[in-house]
Amino acid sequence: MLTKQEESIFRSKLGLTIMKYFGISFAIALASGVATTLLLTCFIRENGISGETVELLSYMVTIAVLFVVFLKLFHKKIRYIHTLEHGIEIIEGGGLEYPIPVEGDDELTALAIQLNDMRRTLQKQINERETAIRENHEMVTAISHDIRTPLTSVICYLDLIRDGKVKSPEEEAVYINNALEKACQIKNLTTALFSHSVAENEEVMFHYELIDGNELLAQVLSESVFLLEEKGLTVQVKDSIAEGFAINVDIQQFRRVFDNLCSNALKYADPRRPISFDVMLEPDTLRIIQTNQVRKNSGGESFGIGLKTCEKIAERHEGTFKSWIEKGEFVAIWTLPLY
């Protein structure tokens with residue numbers, strides 16, 4: 001991307017080039033006109049050529065030479081303009097991989113650089129869109145599979161109860177409880193899918209508020225700690241923030257990120273190891289780190305829709321969210337800009 005200073009430099013260089021070419025052409029044309037006048041003057045007496053005719057011929061020669069010499073000098077620029085035109089036609093036809101040649105250091109050079117920037121931006125947007133479509137397709141496929149499994153179990157339990165194949169009221173109660181558990185699992189899956197679609201859809205407005213970061217974090221962290229400890233997990237919170245700060249967030253979506261992190265921990269965290277939340281301030285950035293050991297043979301959904309939702313929410317807050325598993329430890333890092 002060109003700066004205004006660079007654009008100004010390129011623009012002035014093109015103007016100077018045109019003036020230089022015109023000056024050279026004019027000097028050559030003027031010399032040709034003078035030479036023509038001198039040559040024709042020699043033949044005035046012998047051939048009876050009038051002074052007006054000599055003057056007219058001199059003007060014609062001067063103009064013709066000026067035009068020809070200027071075009072000859074400017075031919076390289078004209079050829080480069082045709083090159084740019086050809087490149088634009090290729091890009092219009094969908095050939096975004098075609099790099100437009102960058103030559104010289106004038107305004108045409110600036111145009112070529114800007115066209116290449118535009119081409120790369122369009123290519124990046126198309127690639128991101130294709131990636132998003134592919135990821136959504138994979139996610140829908142995974143969700144369909146994970147919904148089908150508990151749904152099949154629910155249908156089987158209900159069929160057994162309807163057909164009177166249960167042996168006792170106790171067994172019937174077990175089937176009902178199992179069916180209810182599977183139904184709740186389906187509900188959680190559909191809720192996660194809806195949350196993801198809301199976060200991803202730019203047309204769904206977020207309601208941003210400039211809010212005291214310490215107050216919001218203290219409230220959300222205490223709720224998360226209570227939820228996890230109620231399920232028998234140990235939680236460690238390290239808050240390194242000793243000063244006030246403000247963040248511009250949609251409070252509901254902010255809470256959803258913590259809800260998804262807690263939900264992920266409940267499904268996969270090793271209950272023998274603590275779950276940690278580290279909160280810190282960096283220059284112009286709030287950083288939240290959540291880690292936990294992953295228990296072996298952990299079940300549940302494996303497509304990570306909750307974490308994908310966190311990524312989308314962070315992006316719409318002009319922040320980042322990254323998560324990974326390394327040596328059996330889950331790590332999530334969430335950053336938000338300060339205001």
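The sequence shown begins at 1 in UniProt numbering and counts up by one.
Glycine included, every Cβ here is placed at the ideal spot set by N, Cα and C.
Predicted model only: the values in this text are computed from it and were never measured.
Distance from the CA atom of Leu210 to the CA atom of Leu108, rounded to whole angstroms, is 45 Å.
Under the 10 Å beta carbon count, Gln252 is surrounded by fewer than 16 other beta carbons and is classified as exposed. A distance of 8 Å or more separates the beta carbons of Leu286 and Leu216. A distance below 8 Å between beta-carbons, with the five flanking residues on each side excluded, links Val235 to the following residues of its chain, in chain order: Ser224, Val225, Leu228, Glu229, Pro274, Ile275, Ser276, Phe277. Counting only residues of its own chain and dropping the five nearest sequence neighbours on each side, His317 has a CB closer than 7 Å to the CB of Val249, Leu336. With three or more CB-CB distances shorter than 8 Å, the region 182 to 189 counts as touching the region 145 to 156. Not a single unbroken stretch of the beta strand (DSSP E) spanning 3 or more residues falls wholly within the UniProt domain "HAMP" (75 to 127). By the CB criterion at 8 Å, Leu122 and Ile100 fall outside the cutoff. Residues of the same chain with a CB within less than 8 Å of the CB of Ile147, apart from the 5 flanking positions on each side, are Ile186, Leu189, Thr190 in chain order.
Taking the Cα positions, Asp163 is about 28 Å away from Ser144.
Within the DSSP secondary-structure output, Gln236 pairs in a beta bridge with Ser276. Distance from the Cα of Met280 is smallest, within the candidate group Val294, Lys267, Val237, for Val237. For Asp212, no alpha helix (DSSP H) segment is defined; the enclosing uninterrupted segment is the beta strand (DSSP E) at 208 to 212. Assigned with DSSP and collapsed to three states, Glu203 falls in coil, not helix or strand.
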